[in-house]
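Student:
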Amino acid sequence: MRFDLLSIVLTLYGLFTLYGVITRPNFYWERGRIRRTRELIGDNKTRALYLIMGVVMLGVGIWGLFFVA
Numbered sequence: 196m197r198f199d200l201l202s203i204v205l206t207l208y209g210l211f212t213l214y215g216v217i218t219r220p221n222f223y224w225e226r227g228r229i230r231r232t233r234e235l236i237g238d239n240k241t242r243a244l245y246l247i248m249g250v251v252m253l254g255v256g257i258w259g260l261f262f263v264a
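Residue numbers (the numbering used here): 196 to 264.
#1: Report yes if the CB atom of Gly-213 is closer than 9 Å to the CB atom of Leu-253, and no otherwise.
#2: Look at Arg-242 and Val-263 and say whether their C-beta atoms are less than 9 Å apart.
#3: Is Asp-199 helix, strand or coil by DSSP?
#4: Would you call Leu-200 buried or exposed, if buried means 16 or more other Cβ atoms sit within 10 Å of its Cβ?
#5: Looking only at its chain, what residues have a beta carbon closer than 7 Å to the beta carbon of Phe-202, apart from the 5 residues adjacent to it on each side?
#6: What are the boundary residues of the alpha helix (DSSP H) that Phe-262 is part of?
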């Protein structure tokens, strides 16, 4: 089994995004990009958007780590 750097980065990014969405720490939730998104579509829709993005990135990263030859 060979670990691809992109798969590792995607997995870590997905985990970080899920951590930020679930726990909502200030260093994550008050970043410029997320704050602007919250202003545009609201807190709940922003959480849903980033939750979906985190799950997709985590899934793609895990898929790349274990299922791509």
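Beta carbons are placed, not taken as given, at the ideal position from N, Cα and C, and that holds for glycine.
Tutor: Result, derived from the coordinates:
#1: The sequence given here has Leu at residue 213, not Gly. Taking 9 Å as the Cβ cut-off, Leu-213 and Leu-253 qualify as a contacting pair.
#2: no
#3: Here Asp-199 sits in coil by DSSP.
#4: exposed
#5: For the sequence presented, residue 202 should be read as Ser rather than Phe. Result list for Ser-202: Gly-256, Gly-259, Leu-260, in chain order.
#6: No alpha helix (DSSP H) contains Phe-262, which DSSP labels as neither H nor E.
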